[in-house]
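Trainee:
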Amino acid sequence: MPENTEAVIIRPGPPHERFSDEGFAQFCGQHPELRVELTSQGDMIIMLPVVSESGKRNFKLTGRFFVWAEADGTGVGFDSSTGFTLPNGAKRSPDVSWIRQERWDALSDEHKEDFAPICPDFVVELRSRFDRLATLQGKMDEHLDNGARLGWPIDPIEKRVHIYRPDFPVEVLENPPEVSGDPLLKGFVLRLDGILA
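Its first residue numbered 1024, the sequence shown is counted upward by one per residue in our numbering.
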């Protein structure tokens, strides 16, 4: 597979036509094995499966965050199979995400059983060999524009972690051993051994 192939983009038809929420949900229901996102312009993006090494890194990332989230109890964590509907209409599935408990509790049961209409407070995107860094950075900008309070594109290829926060310039950490989620994720320190390596 070519190194620069990161996803397949499907457009519904003529320019300016977009997939409806119903059409998107129907497609996802017919293809549960696919990881699919929808851009704010209405284009459907089918993400390629990650290579085995990326899957191993994502498993470590999710597991380490799960341990903190369960012990902390102030919010709800999600894995990469979860889709959210952002205020701009995009439907995104970050590799790891977290929502403060009071925001999650404010959603109806119906919304929780759908692509919940909420932007997570915290999102992580883990770069695989098929991902363009610019694409992940664009997703971080989109999440912050839609209400996220902290975002981390983690880049094992360049051995960097980018830290996105509203009203702050992007901070780039060069091959850090760990990264802290304070103050939003109080006490959460992500060890990066086995993730950046």
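Don't be surprised by glycine CBs; every beta carbon is placed ideally from N, CA and C.
1. Counting only the same chain and skipping the five closest in sequence on each side, list residues whose C-beta sits under 6 Å from that of N1027.
2. Under the three-state reduction of DSSP, which class applies to S1131: helix, strand or coil?
3. Considering only the alpha carbon of each residue, which of M1070, F1082, S1043, P1055 lies closest to Q1064?
4. Checking 8 Å against the spacing of the C-beta atoms, do E1181 and M1163 come in under that value?
5. In the DSSP output, which residue or residues are listed as bridge partners for T1108?
6. Going by DSSP, which residues form a beta bridge with F1145?
7. On a Cα-Cα basis, can you pick out the residue from N1169, R1115, H1166, G1078 that is closest to T1062?
8. Can you give me the C-alpha to C-alpha distance between Q1124 and F1089, rounded to a whole angstrom?
9. Can you give the Cα-Cα distance for L1057 and F1138, rounded to whole angstroms?
Mentor: Result, derived from the coordinates:
1. Residue confidence for N1027 is low, a pLDDT of 42 falling below 50, so the modelled location carries little weight; the figure read from the coordinates is stated next. Excluding sequence neighbours, N1027 sits near nothing in its chain.
2. coil
3. S1043
4. No; because the gap between Cβ atoms is not below 8 Å, this pair is not in contact.
5. K1114
6. W1121, L1173
7. R1115
8. 15 Å
9. 15 Å
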